[in-house]
Amino acid sequence: MVYCSIGHVHFPYLANRFSHTNIKGIKMKQKKQKKARTKTYWKKKADNLWSEIIRERVCRCEVCGRPGQFTKQGKQIKGLNAHHLILRGNLLWRHDLRNGVCLCVYCHKWSPVCCPHGGSIDSTIGFVDFMKDNKPEQWAWYEHHKDIRKTPELTMEETYNYLKELQNTGEVLPYSERVNKD
Ligand SMILES: [Zn+2]
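The following block contains the structure:
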């Protein structure tokens, strides 16, 4: 028991209990106010992270060699795009790191000779030839997987968290294949 300067009796342990309750109450309120994240939110997060990993592992255009520029965070990924070999609409491979090629914007969208989204037959053929000649293993993977469609095992939030793990470990394999291997 303690006495304050004007003689009131204070019970420090009670004061602690009350302040503890208050803090707990505020924290619970904050938690309630936090919005539940939607599937779209996690899909976007996973999209961005997938793209970041593809770009940060290469740091240059895989076709023309143009290097990426540095972001404020010191990552050499600016001015680069992560291209999906199998279209993004196929969710099974959308966040598979084997499905990505790091390209500069020009080689991704404009080059008339070698470009997956160039809009001409010549540019598309040029890109396919480039892949076959320079990245034959990845192209073979694409050929074997492009027609397979299944619902992914992980939710978008889990996919994001799994990609975070791959980003930290430098690994490539998707969750489904890692689990089956173990
Ligand atoms: Zn390029």
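Just so you know, we're using the working numbering here: the sequence shown kicks off at 3 and counts up by one. For each residue, glycine too, the CB sits at the ideal point set by N, CA and C.
DSSP state of Ala84 mapped onto helix, strand, coil: The answer is strand: DSSP assigns Ala84 an E or B state.
Alpha-carbon spacing of Glu139 relative to Lys37, whole angstroms: Each residue's CA atom was taken as its position, placing Glu139 and Lys37 some 43 Å apart.
Distance between Asn170 and Ser21 (C-alpha atoms, nearest Å): Note on Ser21: pLDDT 48, under 50, position unreliable in the model; the coordinate value appears next. Rounded to whole angstroms, Ser21 to Asn170 spans 40 Å at the Cα level.
Under 8 Å between C-beta atoms of Arg151 and Leu87: Cβ distance not < 8 Å, so Arg151 and Leu87 don't count as in contact.
Uninterrupted alpha helix (DSSP H) stretches inside the region 158-182 (no shorter than 4 residues): If we require 4 residues or more, the alpha helix (DSSP H) runs fully inside the region 158-182 come out as 158-171.
For Gln71, the three-state DSSP class (helix, strand or coil): If DSSP states are grouped into helix, strand and coil, Gln71 belongs with the strands.
Through-space distance from Val107 to Glu54, alpha-carbon basis: Going from the Cα of Glu54 to the Cα of Val107 covers about 15 Å.
Other residues of its chain near Arg68: CB distance less than 7 Å, five sequence neighbours each side excluded: Only Arg62, Cys106 meet the Cβ criterion.
Residues near Lys80 by beta carbon distance below 6 Å, same chain, minus five either side: Excluding residues within five positions, the ones whose Cβ falls inside 6 Å are Gly70, Gln71, Thr73.
Cys59 versus Lys41: straight-line alpha-carbon distance, rounded: For the sequence presented, residue 59 should be read as Arg rather than Cys. So the alpha carbons of these two residues sit roughly 27 Å apart.
Sub-8 Å separation of Cys104 and Ile56 beta-carbons: Going by C-beta atoms, Cys104 is nearer than 8 Å to Ile56.
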